[in-house]
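S.K.: Quick one: the structure is below, questions incoming.
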Amino acid sequence: MHDHRKLGRELDLFDTDPLIGAGLPYWLPDGAAVRHALEEYIRAAERRAGYRHVFSPVLGKRELYEISGHWSHYSEDMFPPMDLGGEQVVLRPSLCPHHALIYRSRPHSYRELPLRMAELGGMYRSELSGVLGGLTRVRAIQLNDGHIFCTPDQVADEARGALELIDRAYAALGITAARYRLSLPGAGGKYVADPALWERSAALLTEVLDASGVPYEAVEGEAAFYGPKIDVQVADSAGREATLSTVQVDFHQPERFGLQYTGPDGQKHRPVMVHRAVIGSMERVVAHLIELHGGAFPAWLAPTQLAVLPLTGAEVPRAEAFVQRCLDRGLRAEAVGPEHGTLGARIRAARLVPYQAVIGPREAAGDLIALRLRDGRRPDPLPAEEVFRRVGALVGAHNTALWDAP
Ligand SMILES: [Zn+2]
């Protein structure tokens with residue numbers, strides 16, 4: 052495996068600047084292309100799974116986090132509050148309180164539940180500068196977050212649905228989970244007190260894990276302060292584990308925010324919140340993908356999907372026209388002309404690009420494309436439209452294969 056910090060810089064994916072600060076990486080165009088592909092993938096997957104997306108601000112008043120419990124259980128990880136004309140405003144440590152308020156802003160009937168709300172949004176953590184680095188220890192996090200407001204009876208199905216989304220996403224990304232962990236409270240931690248609700252949540256998650264058939268371990272001391280969770284762990288190049296995806300059951304925040312729905316009996320009832328992150332934070336998932344694939348991303352994620360290499364200056368206009376046709380079809384393509392070196396050197400420089408199209412006099416004359424695949428295969432030359440169709444189908448299906456048998 053590779054070190055994502057080194058490779059991320061070499062491949063021009065992301066970088067940092069001391070003037071912006073430690074733990075605050077910026078994304079270069081190639082890194083941003085990978086991230087956009089991920090964001091588009093997960094938003095579409097969530098829409099298919101019945102989620103509606105929202106946007107909420109990255110700031111909130113201190114009182115909001117006092118109500119949610121973050122202030123008393125999590126404040127050492129939060130940025131200090133900013134004084135604004137007598138009010139205190141903080142960078143949010145999580146999206147949950149905002150989503151609870153969005154839910155609370157409208158009346159809800161049991162017929163609307165489960166109500167699935169998602170947002171790919173920013174949250175902030177005041178990590179000490181000594182531990183910061185790359186994309187894995189950062190102070191600004193873009194999380195693929197989502198909250199399901201549901202009845203207690205719906206929790207198990209919703210948790211199962213979230214695990215299925217995680218499963219499908221991992222298949223598309225080529226990721227294998229290192230292990231599933233049932234994270235329970237431990238002695239001495241800062242947790243909200245209500246032993247009966249903790250037991251109920253842990254029992255629900257245990258039931259979901261048992262039914263899913265995946266092997267898992269229960270670990271004490273890893274729960275969120277408001278409830279137990281299923282953590283999907285991935286391992287980095289040194290074998291160190293990190294949590295990428297989570298599913299959590301929370302009876303606490305609905306209580307704190309006074310969330311309600313009207314039941315079939317006409318009475319007010321309390322919903323449960325299921326918190327879940329499918330592909331985790333953009334920072335952590337991209338760090339993991341860089342290390343896992345060594346920069347040779349699945350075609351649908353690759354910053355450049357097709358490198359178009361004109362043999363000589365005479366084929367440059369033809370190569371540029373082909374690039375434009377790729378771009379028109381939503382494929383990321385780039386022409387790399389003879390000013391960048393010999394054909395051999397350009398092929399080597401594009402070795403991480405899934406598809407290379409060499410345009411010689413024969414291809415230029417016949418509108419045929421001879422592809423070289425990243426894995427060394429050389430399919431027979433095909434009409435350009437057939438190349439778009441084949442590559443477009445694999446990319447559109449988020450397939451990790453580079454080529455299908457005809
Ligand atoms: Zn949450």
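To convert, count from 1 in the sequence shown and add 51; that's our numbering.
Positions of the beta carbon are idealized from the N, C-alpha and C atoms, including for glycine.
All values derive from a computational prediction rather than experimental measurement.
(1) Along the chain, where does the alpha helix (DSSP H) containing residue 406 start, and where does it finish?
(2) For the structure I just gave you, are there three or more beta carbon pairs, one from the stretch 129-140 and one from the stretch 96-112, closer than 8 Å?
(3) Sort out for me which residues DSSP pairs residue 198 with in a bridge.
(4) I need the DSSP call for residue 217, collapsed to helix, strand or coil.
(5) Using a threshold of 7 Å, is the CB atom of residue 295 nearer than that to any non-hydrogen atom of ligand 1?
(6) Taking only heavy atoms of ligand 1 into account, decide whether any of them is closer than 7 Å to the Cβ of residue 147.
(7) Looking at residue 197: is its Cβ nearer than 8 Å to the Cβ of residue 168?
(8) Tell me the start and end of each unbroken alpha helix (DSSP H) in the stretch 357-429 that is at least 4 residues and wholly inside, in chain order.
(9) Would you mind stating whether residue 302 and residue 252 have Cβ atoms separated by less than 8 Å?
(10) Would DSSP call residue 331 helix, strand or coil?
(11) Short of 7 Å in beta carbon distance, which residues of its chain neighbour residue 84, apart from the five on each side in sequence? Order them along the chain.
(12) Below 7 Å, is the gap between the Cβ of residue 326 and the nearest heavy atom of ligand 1?
(13) Give the secondary structure of residue 205 by DSSP, where H, G and I count as helix, E and B as strand, and everything else as coil.
(14) For the stretch 58-69 against the stretch 81-97, are there 3 or more C-beta pairs whose distance is under 8 Å?
(15) Out of 295, 314, 371 and 343, point me to the one whose CA is closest to residue 288's CA.
(16) Measuring alpha carbon to alpha carbon, tell me which residue in 311, 90, 430 and 333 is nearest residue 165.
(17) Only counting the same chain, and skipping five residues up and downstream in sequence, which positions put a Cβ closer than 6 Å to that of residue 195?
(18) When you compare the CB positions of residue 389 and residue 225, do they come within less than 8 Å of one another, or not?
(19) Are the beta-carbon atoms of residue 74 and residue 155 separated by less than 8 Å?
(20) By alpha-carbon positions, which one of 281, 370 and 362 ends up nearest to residue 258?
(21) So, do the stretch 317-326 and the stretch 197-206 have three or more beta carbon pairs nearer to each other than 8 Å?
(22) Is residue 198 near ligand 1 - that is, is its Cβ less than 7 Å away from at least one heavy atom of it?
(23) Around the Cβ of residue 271, are there at least 16 other Cβ atoms within 10 angstroms (buried) or fewer (exposed)?
(24) Just grab the DSSP bridge partners of residue 135 for me.
(25) State the start and end residues of the unbroken beta strand (DSSP E) segment that holds residue 259.
(26) Do the stretch 226-236 and the stretch 262-269 touch if we need at least three Cβ pairs shorter than 8 Å?
(27) Where residue 435 and residue 395 are concerned, what is the direct C-alpha to C-alpha distance, given to the nearest angstrom?
(28) Just list the residues that DSSP pairs residue 110 with in beta bridges.
(29) State the DSSP-derived secondary structure class of residue 319, mapped to helix, strand or coil.
(30) Could you tell me which of 420, 403 and 404 sits nearest to residue 411, measuring between CA atoms?
(31) Pick out whichever of 161, 135, 127 and 54 has its Cα sitting closest to the Cα of residue 474.
(32) Residue range of the beta strand (DSSP E) that residue 301 falls in?
(33) So what's residue 211 in DSSP terms, helix, strand or just coil?
(34) From the DSSP secondary-structure annotation, give me the bridge partner or partners of residue 442.
(35) Which whole-angstrom value describes the C-beta separation of residue 276 and residue 120, a residue pair presumed to lie in contact below a C-beta threshold of 8 Å?
M.R.: Reading it off the structure:
(1) Judged by DSSP secondary structure, residue 406 falls outside any alpha helix (DSSP H) and instead within the beta strand (DSSP E) spanning 406-410.
(2) yes
(3) Assignment of beta-bridge partners to residue 198 by DSSP yields 168 and 326.
(4) helix
(5) no
(6) Within the cutoff, so yes.
(7) yes
(8) DSSP runs (the alpha helix (DSSP H)) wholly in the stretch 357-429: 367-379, 394-400 and 412-417.
(9) yes
(10) strand
(11) 354 and 383
(12) Relative to ligand 1, the beta carbon of residue 326 is positioned inside 7 Å of a heavy atom.
(13) helix
(14) yes
(15) 343
(16) 311
(17) Only 93, 171, 328, 329 and 330 meet the Cβ criterion.
(18) Pairing residue 389 with residue 225 gives a Cβ-Cβ distance that is not under 8 Å.
(19) Contact: no.
(20) 281
(21) yes
(22) Residue 198 has its CB nearer than 7 Å to a heavy atom of ligand 1.
(23) Classification of residue 271: exposed, given that the 10 Å Cβ count is below 16.
(24) Residue 135 pairs with 138.
(25) For residue 259, there is no enclosing beta strand (DSSP E); the residue is part of the alpha helix (DSSP H) that begins and ends at 246-263.
(26) As far as the Cβ criterion goes, the stretch 226-236 touches the stretch 262-269, which means the pair count is three or higher.
(27) 23 Å
(28) 142
(29) Residue state, collapsed to three classes: strand.
(30) 420
(31) In the structure displayed, the chain extends from 52 to 457; residue 474 sits before or after that span and is not available.
(32) 292-301
(33) DSSP places residue 211 in helix when its eight states are reduced to three.
(34) Beta-bridge pairing links residue 442 to no other residue.
(35) 6 Å
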